[in-house]
Each structure stands twice: as C-alpha cells, then as structure tokens.
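To start, the structure itself, in structure tokens.
Residue numbers (my numbering): 203 to 640.
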C-alpha cells in the first residue's frame, strides 16, 4: 500500500502533462471534486493520516504537533502486521511533529537537500531493499511526501528543458509582459521572484514542478516493478492543498480557503479494484483513512470520513458538509454539492496582496485585513470556480450557511493543540516558506 501526498498541488494541474498520475487514474478511480480540509501542510496531513477534521485532531497550523491522543492509519496498519515506513521531503513533517506515530521507519528529509523529492525517492528505494531483506514476509505501508511543487519554484534545470521541449512550452520571459504587482521590496516568501515581472514565468515553473513530481512517482513505481511488486500494490495519490497563482490578488501562496487552494487531486488505484471510474460527488481527503481501513477490514469507528469505494461502486453519496479550516483559524467554511461557504473567524485575519509604502517610500507588500464575521458564498452548480460572491445578494442563504458552520464546528472533538518548539533558524526557514503565522 503506497500513499503519496503531493505538496501544494492543484487539481487542475493533473492531466496530459502528468502522464503517470493520469494513467493511474485511468486504471483506477479519479475523484474529480476532492477537497482539502485546510490550506496548510501539517493540518491537512494530520487529517489524511487520521480521518479526522482539523478541529478534531488539534493540528491547527504548521507550528503544531500531532498529539499522541490521535490514532493514525499507520498505527492501525502496524497493529495488523504491516511494515510501516514514511519518507518526507519537508523537515517540519519529521518525527518531531508527531507524524512518526505508527511508523517502523521514518526517513526525514536529507539534510543536504531538505526539500528535494528526488533525494527522498532515492532513499525510498534503499528502504525497499531493507524491507525485502529483513521484513519481506510482512505487507508494507509506505507514505511518501513530495514537497517539490511548493515555493520557491525551482524545477531541476535539465527536467525543465525536457519539459519545454516535450510539451512545446518554452520558458516565458521574466520581464515581459509585466503582469506581477510592482514591488520595490519583496517579502521573504516572495524573494524567489526577484527580477521577475511576468507572472507567466512562475506559473510555468509551478507547472513544471508538478510534472516533475509526476515523474518522481513514476520513478518509484518503476522500482516496484523491478522487484515484481507493482501489480499487487495499492496506490492513493492526494495533495495537502493547492496554490493560488494570482487569483483574488493572492500571488503564489496558499492563503485562504478558495477552490484554487482547496480543490486537490485524489486518485485511488487498487489491485482488482474499479477501473476507469470518475466520481463527481464532492469528497474530502478526510475520507482517505476510513476508505483504506474499510478496504483492508480494519476498524474505522470514530473516523469522520466515508468509504470512497462505495461511491465508486455506484452508491449515492450521503448528505453531508465538508469542513475546511484555514491555518491558525483565520477562516473556516464548508461545502457540499450546491454551496461553497467561507467565513472570517479570526480578528487578525488577512487575505490578498495590496501595495503599501514603507518609511522610505518604497512599494512593499501588505496583506489585506479582513473584518471578522465577513463571508463569501458561492453557488457550486452555476459557478463551480466560485467567482461570483452571493453573500450580499442572498443574505438568507448566507445566514443559513453561517448557522450550519457554527453547528458543524460545535460537533468537533477538539484534541488540545500542542505547539512545537523551534529555534530561531527553524522559524526563519518557516518564514521563507511563507509559513510564518500560518
């Protein structure tokens, strides 16, 4: 069983230019309307690994630890006799974050290349050799996390050249046309845009990063095939969240809870399972753990999600609302087949970039302050990309959605949040990734 979590990957970037993932979906199940429960890495991964909402497991930001009170998928599988292993390409997902619960082996990102998925996949090949030698009688569960599509976008130069040639997609000019906000001083998380004025260049680089992640998954699969394991390996491919590429004045980050950030790929490919199925019903990555538990005959009692295989086999989706909570509780919301509702839930919440001036008169980036309680409401049937805010025009519907959100949040279990201790260097690294304050 292989679970691959792609960091910062939008659903709309899985397709022709990610051929291996597309083939996995063709031979399995593609969930076309899958949504992340959070806009941040740690909260979303905690949901994937526990089958619980953010307000249940208590990991509310990237500065939190997954508490031992949470039962993880890895713990359940190890108790069933699985050899459990994880390899992550982001240092803050290491065992110090609590995500090592239930894993026999947990490979942290390589110190010399802490965010490099290629290094992570190479080390995973070494782990297969270890398992084959010492644990070969036990089934294995592998969690592989690939950070590559995250900022600062920097695909390997040789891969970027091959991508440009294969897809007839040359690298855009850095300067023209000038479509990025004009800033004299870039904040730490945007410094990879130094000298760039054309928004198409970072968009292109992001697409190349996603395609490179696809190639890394194929590399892993090739190693499984060489060992004769591929045909009996189950795959789940998901993302922790998406990425804003300039929508709503949100530039190359994953702030907020709008669909460009919450709509993620979700592919399930099981030996002997459904093939060529496309499920249009809205689902969440909270459904991954209970789906796998049900498929393997494990107890999924207490998990919030549903069995996704039932949907793939033709069952009607149960009536439910899919919860979302932004990092540090800045926003919360829910969605179903008809509604997409987001509300500001923190007094210091911000969203979107605006240009301000510092004491020297230089143009600097500032985050737009939001009024607590303000809300957005979208009709998913007529406006699937959520472009037309109906919160003012349909006040009664908005108020019903607001009441429903309060009801849903009141039902959460609320494991106590534990903040992780970090030194100054670690916090600075977090800031450079755009994680400061979220």
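Even for Gly, the Cβ is constructed at its ideal location relative to N, Cα and C.
Check, Outcome
"Secondary structure of residue 410, DSSP reduced to three states", "helix"
"Cβ separation of residue 383 and residue 557, assumed to be a contact under 8 Å, to the nearest whole Å", "6 Å"
"Whole-angstrom distance between residue 463 and residue 209, CA atom to CA atom", "11 Å"
"Which listed residue (432, 543 and 534) has its alpha carbon closest to that of residue 549", "534"
"6 Å Cβ shell around residue 323 - same chain, five flanking residues per side excluded", "418, 421 and 422"
"Backbone CA spacing between residue 230 and residue 224 [nearest angstrom]", "10 Å"
"Cβ contact check for the region 270-290 and the region 299-311: 3 or more pairs under 8 Å", "yes"
"Assigned exposure category for residue 473 - 16 Cβ within 10 Å defines buried", "exposed"
"Assigned exposure category for residue 368 - 16 Cβ within 10 Å defines buried", "exposed"
"Separation of residue 527 from residue 639, as counted between CA atoms", "Confidence is the limiting factor: at residue 639 the pLDDT is only 46, short of 50, which leaves the residue's position unreliable, though a coordinate-based value still follows. Distance between the alpha carbons of residue 639 and residue 527 is about 15 Å."
"Opposing strand residues paired with residue 588 [DSSP bridges]", "DSSP, once it has assigned bridges, lists no residue as partnering residue 588."
"Paired residues, beta bridge with residue 439 - DSSP", "206 and 469"
"Beta-carbon proximity check, residue 440 vs residue 476, cutoff 7 Å", "no"
"C-alpha gap between residue 460 and residue 371, whole angstroms", "28 Å"
"Neighbourhood of residue 588 by C-beta distance below 7 Å, restricted to the same chain and skipping five residues each side", "460, 461, 542 and 580"
"Neighbourhood of residue 262 by C-beta, 8 Å cutoff - its chain only, sequence neighbours within 5 removed", "245, 256, 527, 529, 530, 531 and 619"
"DSSP beta-bridge partners of residue 353", "According to DSSP, residue 353 bridges with nothing at all."
"C-beta atoms of residue 597 and residue 577 nearer than 7 Å", "no"
"Terminal residues of the alpha helix (DSSP H) in which residue 490 lies", "490-498"
"Length of the line joining the Cα atoms of residue 483 and residue 241", "21 Å"
"Straight-line Cα distance separating residue 268 from residue 281", "19 Å"
"The region 431-449 touching the region 384-399, judged by at least three CB pairs closer than 8 Å", "no"
"Backbone secondary structure at residue 259 - three-state DSSP", "helix"
"Cβ pair count under 8 Å reaching 3, the region 449-458 against the region 214-223", "no"
"Beta-carbon spacing of residue 207, residue 442 below 7 Å", "yes"
"Of the listed residues 375, 388 and 414, nearest to residue 400 (C-alpha basis)", "375"
"Integer-rounded CB distance, given that residue 233 should sit under 8 Å from residue 660", "Limits of the chain in this structure are 203 at one end and 640 at the other, which puts residue 660 out of reach."
"Nearest-angstrom Cα separation, counted from residue 467 out to residue 674", "Nothing can be reported for residue 674: it is not among the residues displayed for the chain, which extend from 203 to 640."
"Reduced DSSP secondary structure (H/G/I, E/B, other) of residue 456", "coil"
"Residue 639 in three-state terms, based on DSSP", "Confidence in residue 639 is poor, its pLDDT being 46 and thus under 50, which makes the residue's placement unreliable; the coordinate value appears in the next sentence. In the structure shown, residue 639 sits in coil (DSSP, three-state: anything other than H, G, I, E or B)."
"Inter-residue spacing [alpha-carbon to alpha-carbon] between residue 574 and residue 239", "20 Å"
"Opposing strand residues paired with residue 581 [DSSP bridges]", "541"
"Endpoints, alpha helix (DSSP H) assigned at residue 401", "Run containing residue 401: none; DSSP gives neither H nor E here."
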